[in-house]
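A.B. asks: Let me begin by handing over the structure; questions about it come next.
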Amino acid sequence: MVATERLFATDELGGRAVYRLHAATVLAGICLVLYYRATHVPGAAGGRAAATAAWVGMLAAELWFAFYWLLTQSVWWCPVRRRAFTDRLAARYGEQLPCVDIFVCTADPQSEPPSLVMATILSLMAYNYPPENLSVYLSDDGCSILTFYALWETATFAKQWLPFCRRYNIEPRSPAAYFTLPDRPKDPQALEEWSFVKGLYQEMTERIDSAVRSGEVPEQIRVNHKGFSEWNMGCTSKDHQPIVQVVLLSPELEQGFS
Numbered sequence: 002m003v004a005t006e007r008l009f010a011t012d013e014l015g016g017r018a019v020y021r022l023h024a025a026t027v028l029a030g031i032c033l034v035l036y037y038r039a040t041h042v043p044g045a046a047g048g049r050a051a052a053t054a055a056w057v058g059m060l061a062a063e064l065w066f067a068f069y070w071l072l073t074q075s076v077w078w079c080p081v082r083r084r085a086f087t088d089r090l091a092a093r094y095g096e097q098l099p100c101v102d103i104f105v106c107t108a109d110p111q112s113e114p115p116s117l118v119m120a121t122i123l124s125l126m127a128y129n130y131p132p133e134n135l136s137v138y139l140s141d142d143g144c145s146i147l148t149f150y151a152l153w154e155t156a157t158f159a160k161q162w163l164p165f166c167r168r169y170n171i172e173p174r175s176p177a178a179y180f181t182l183p184d185r186p187k188d189p190q191a192l193e194e195w196s197f198v199k200g201l202y203q204e205m206t207e208r209i210d211s212a213v214r215s216g217e218v219p220e221q222i223r224v225n226h227k228g229f230s231e232w233n234m235g236c237t238s239k240d241h242q243p244i245v246q247v248v249l250l251s252p253e254l255e256q257g258f259s
């Protein structure tokens, strides 16, 4: 059954008759303009060279417009919309799907709140895609210890968020967007887990936002995680050595997180 299901559908858009009527009027206008140019050619005698040059320029512009308009009709004459069924694609070619690297760039934790950047990263990690073929990279041009701290917190929260997403197939998969929806799970067990994960997310964002407001990472966390030692050399956004940190989640998640 899976092998015979369509991977995408093509839907015809409405309004074709109206557009074709409009196109017919435009075509008639183009033909009339070109007919006028062909029947009103100024002579070059009597000092009318300037008029001839203007006529040639206008004709060239009108021919170019007519050519461009005819080319675009291949798109507008029969408009369609295609819908891809990504779940069927994964079911049919799950083991053959290529590896995908996704890069998220940030530069300033003050103008780009790390909590929102981390929500983006979490949504990317939760893609409906084979986790062993998906890698997410965060590039911080500002070399901020606050961004790395947010990443460290996110890696811990992801151990709860990713299984929750896959277990209930939730949408959207950004926690910042998902937990603002008015609807809640009706199943008691799902509602209990929803409340638990939401509480973890709120606590995580509060810790991240608190660190951003104070401009410092809690000392206990800096001591217990060797990755923070890179900032012991007095790094700044304009003067720092290359820093590469890799955060790996638990093997049960089968998810690379960089």
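Count along the sequence shown from 1, then add 1; that gives the number in our numbering. Built from N, CA and C at the ideal position, the CB exists for glycine as well. These numbers come from a predicted model, not from an experiment.
Have a look at Pro131, Ser230, Leu163 and flag the residue whose alpha-carbon is nearest the alpha-carbon of Arg93.
C.D. replies: Taking the first residue of the sequence shown as 1, we reach residue 93 at position 92. Among Pro131, Ser230, Leu163, the Cα nearest to that of Arg93 belongs to Pro131.
A.B. asks: Helix, strand or coil: how does DSSP classify Ala55 here?
C.D. replies: Indexing the sequence shown from 1 puts residue 55 at position 54. Reduced to three states, the DSSP call for Ala55 is helix.
A.B. asks: Take Trp195 as the anchor and find which of Val213, Gln203, Arg185 has the nearest alpha-carbon.
C.D. replies: The count along the sequence shown starts at 1 and reaches residue 195 at position 194. The residue with the shortest Cα to Cα distance from Trp195 is Arg185.
A.B. asks: State the Cα-Cα distance for the pair Pro164 and Cys106, rounded to the nearest angstrom.
C.D. replies: As a first step, residue 164 is located in the sequence shown; it is residue number 163 there, counting from the start. As a first step, residue 106 is located in the sequence shown; it is residue number 105 there, counting from the start. Distance between the alpha carbons of Pro164 and Cys106 is about 25 Å.
A.B. asks: Note down, one range per segment and in chain order, each alpha helix (DSSP H) of at least 4 residues found wholly within the segment 81 to 156.
C.D. replies: Fully enclosed alpha helix (DSSP H) runs of 4 or longer: 87 to 94, 115 to 126.
A.B. asks: Is it true that the segment 202 to 212 meets the segment 131 to 145, where meeting means three or more beta-carbon pairs spaced less than 8 Å apart?
C.D. replies: As far as the Cβ criterion goes, the segment 202 to 212 does not touch the segment 131 to 145, which means the pair count is below three.
A.B. asks: In angstroms with no decimal places, state the Cα-to-Cα distance between Pro173 and Met119.
C.D. replies: One-based indexing of the sequence shown puts residue 173 at position 172. One-based indexing of the sequence shown puts residue 119 at position 118. Going by the C-alpha atoms only, they are around 15 Å apart.
A.B. asks: Where do the ends of the alpha helix (DSSP H) carrying Thr194 lie?
C.D. replies: Counting from 1 along the sequence shown, the entry for residue 194 is found at position 193. According to the sequence displayed, residue 194 carries Glu and not Thr. Unbroken alpha helix (DSSP H) run through Glu194: 189 to 215.
A.B. asks: Should the segment 152 to 164 be called in touch with the segment 112 to 129, which here means at least 3 C-beta pairs below 8 Å?
C.D. replies: The segment 152 to 164 is in contact with the segment 112 to 129.
A.B. asks: As a quick exercise: from Ile103, Arg83, Gln74, pick the residue whose alpha carbon is nearest that of Ala10.
C.D. replies: Translated into the one-based positions of the sequence shown, residue 10 becomes position 9. When each option's Cα is compared against that of Ala10, the closest is Arg83.
A.B. asks: Have a look at Ala25 and Asp12 and give me their C-alpha separation to the nearest angstrom.
C.D. replies: Here residue 25 is taken as the residue at index 24 of the sequence shown, counted from 1. Here residue 12 is taken as the residue at index 11 of the sequence shown, counted from 1. Roughly 24 Å separates the two Cα atoms.
A.B. asks: Hey, Leu14 and Pro80 are a contact pair by Cβ (cut 8 Å); roughly how many whole angstroms apart?
C.D. replies: In the sequence shown, counting from the first residue as 1, residue 14 sits at position 13. In the sequence shown, counting from the first residue as 1, residue 80 sits at position 79. That belief holds up - the Cβ atoms of Leu14 and Pro80 are roughly 4 Å apart, short of 8 Å.
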